[in-house]
Amino acid sequence: MKDTPRRCSLSLQLPHQNLPIQRLQDSMADLVVRNLTTTPLELKLVERFEGQPASGRETPIGNITSRITGIFNSTSITTNVRIQGEARDRRDVSFPIGPYETCTTDVRTADPGREVVRLTFESDGHRYQVDVPTSSQRSTVMKKLDGAPNEYTTIYVQTGSCLAIFSSSHLSSWMRELRDEYPLSALSIPGTHNSPTCHVALPSVRCQAVSVRDQLDNGVRFFDIRVNVNPDSSDLALVHSAFPISLTGGKYFKDMLDVVYAFLDANPSETLIMSVKREGTGKGTDQQLSKILKDRFYGDGRRWYTEPKIPKIGEVRGKIVLLRRHANDPSLNGEWGGRGWGLDGSVWPDNCADGLLGSGIARVQDFYEVDQSHNIQKKIDLARSHLERAAEPVSLLSGAQGPQPFFINFLSGSNFFNANCWPEKIAAKVNPAIVEYLCLRHGSDGKGPAGLKVGDASAGLVVTDWVGQDGDWDLIRCIVGWNGRLKLKQ
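In terms of the UniProt record's numbering, the sequence shown opens at residue 1 and continues consecutively.
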């Protein structure tokens, strides 16, 4: 089912009857609701309240956590407001919105900084309530009014007057709800770039705000790992380029794997794709790395999936899928019936907008040379374009002849010599812009940069920096939420 936009009409009394026509038009914006869930919803009640600033200063909006209702505005500054007094306007309405439908209502959105609009939705006879905007930057669960069973993530994008509603997933086990038969490349998968770089380090080296376990518990399922290789040791230190990831002591591949194994033991429905690459100042080779990994870490296959083909979800639950960004030792070429060892990412397109891996298993957006702050907008545009490409294919269960490639979309970028282009600064602009795109335009025919048609509306494999900072899992939850489209076919 496609995300179908339509105009929902309802006669409502216009507010501000004494305003001049131009001022009235300027103050009016019709609320758009995107139901990005598998359940029908109906907007039943609209209440309008006077609002007052929740704090004395203006703050940027943009948070979603595991407790789910967020207000987003990636392109401007807005003021949080809280309700003051009783509702000054209360209207019963009826706007039914089917699964993955978009409805433009006749409901005027809140006057920014001055009003709060309370929306009451109904689903399967139960009612849910959300205020737009909320009184806090923090996300909250959409209020259940009558013991309602479901939980919904609501995201308000002020720039588009759009309320996007996602089904709330348990981020620690979100793959549990998906069928075993789906190829892994059909999923919308959140990932992190230089995943374990959450420690005290140079600002240009640190890419993440929280630990590996926190990332896993909050839905991250792709890890980008860089290791230093020495020919006389099987210890693999974690690095970012030539630098260690921690200034307070070495961090090692084995210790990180123990954390991942513990998570998978506790959540056997999940799988993790791990990209492993050789970096650092060590004198070891790719071939030596491949031998160390196989002999010391990959074991009997219980923990790792190393077959060189894109797997189905059911084949890899509880395992790590190896994506190797290194060449193999020749001794591994005979593995898997002569097909080799691991998903082959050894021929990686450099600094690319849409590059094909040498093995053909993935198309990659990895433009990382963000050498001036204005290039951040170029990065955003390239990431949006790759999201649109990822949404176009149709998976095997929809009639395709073979598994689609992965669409790997790096949101990261950096420049060592420009503090405005260090990872945290770039993420502060790129991440909310992608949240906005996923809420407003993703999965809708012709709404992407190239106007492409939509297939399964996958977001692909989206690789991020600085998620989870101060509990901000906005982007991860939005990516995971797009897997709901697959569940419509189950």
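Ideal Cβ placement from N, Cα and C applies to all residues, glycine included.
For residue i, I'd like the list of residues in its chain whose CB is within less than 6 Å of its CB, leaving aside the five on either flank, ordered along the chain.
i	result
Leu10	Per-residue confidence for Leu10 stands at a pLDDT of 42, beneath the threshold of 50, marking its modelled position as unreliable; the derived number appears in the next sentence. Hits under 6 Å: Val93 and Asp106.
Asp470	none
Gly460	Ala390, Phe407 and Asn409
Thr281	Ala242
Give the straight-line distance between the Cα atoms of residue i and residue j, rounded to the nearest whole angstrom.
i	j	result
Trp348	Asp371	21 Å
residue 497	Gly318	The chain is shown from 1 up to 490; residue 497 falls before or after that span and cannot be answered.
Asn230	Ser331	19 Å
Thr192	Trp473	12 Å
Thr134	Leu322	42 Å
Leu475	Gly219	10 Å
Ile320	Lys143	37 Å
Gly56	Tyr437	Low local confidence applies: a pLDDT of 46 at Gly56 is under 50, so the model's placement there is unreliable, with the coordinate-based value given in what follows. If you take the alpha carbons of Gly56 and Tyr437, they lie about 30 Å apart.
residue 492	Val157	Absent from the model: residue 492. The displayed extent of the chain is 1 to 490, so no value can be given.
Thr306	Phe253	18 Å
Gln84	Lys429	32 Å
Val467	Val210	8 Å
Arg221	Glu315	16 Å
Ile313	Leu272	10 Å
Val46	Asp146	18 Å
Arg127	Phe121	6 Å
Ala362	Ile310	10 Å
Lys44	Val435	27 Å
Asn328	Arg179	33 Å
Phe263	Ser458	25 Å
Along the chain, where does the alpha helix (DSSP H) containing residue i start, and where does it finish?
i	result
Asp217	Val212 to Asp217
Phe49	Not the alpha helix (DSSP H): Phe49 falls in the beta strand (DSSP E), residues Leu41 to Pro53.
Leu387	Asn375 to Ala391
Arg477	Asp474 to Gly481
Ala427	Pro423 to Leu440
Gln287	Asp286 to Ile292
Ile313	Ile313 to Val316
Leu486	Gly484 to Lys487
For residue i, which residues of its own chain have a beta-carbon under 7 Å away from its beta-carbon, when the five flanking residues on both sides are left out?
i	result
Trp422	Pro203, Ser204 and Ser414
Leu31	Thr105, Val107, Thr109, Ser161 and Leu163
Ser269	Ser173, Met175, Arg176 and Arg317
Gly360	Pro405
Quick one: what does DSSP say residue i is sitting in, helix, strand or coil?
i	result
Ala87	strand
Cys8	coil
Ala164	strand
Phe263	helix
Thr109	coil
Leu36	strand
Cys198	coil
Gly340	coil
Asp232	coil
Tyr100	coil
Arg303	coil
Ser94	strand
Ser414	strand
Gly62	For Gly62, the predicted structure reports a pLDDT of 35, less than 50, and the residue's modelled location is therefore unreliable. The matter cannot be settled from this model.
Gly471	helix
Leu332	helix
Glu181	coil
Arg363	strand
Spell out whether any CB of chain D is found under 9 Å from the CB atom of residue i.
i	result
His386	Of the protein chains in the structure, only one exists, and it is not chain D.
Quick one: is residue i buried, meaning 16 or more other Cβ sit within 10 Å of its Cβ, or exposed?
i	result
Val200	exposed
Asn431	buried
Glu181	exposed
Tyr261	exposed
His442	buried
Gln215	buried
Asp26	Because the pLDDT at Asp26 is just 40, under 50, the model does not fix this residue reliably, and the value given afterwards should be weighed accordingly. Under this definition Asp26 is an exposed residue.
Ser233	exposed
Gly337	exposed
His386	buried
Leu488	exposed
Lys283	exposed
Ala148	buried
Asn351	exposed
Looking at the unbroken beta strand (DSSP E) that takes in residue i, where does it start and where does it end?
i	result
Val276	Leu272 to Glu279
Asp131	His126 to Val132
Gly191	Ile189 to Thr192
Ile320	Ile320 to Arg324
Asn409	Phe406 to Phe410
Arg118	Glu115 to Ser123
Tyr152	Tyr152 to Val157
Leu238	Ala237 to His240
Val462	Leu461 to Thr464
Can you list, in chain order, the residues of its chain with a C-beta nearer than 8 Å to that of residue i? Leave out the 5 residues immediately preceding and following it.
i	result
Asn35	Leu41, Ile97, Gly98, Pro99, Tyr100, Glu101, Thr102, Cys103 and Ile165
Ala419	Pro203 and Lys425
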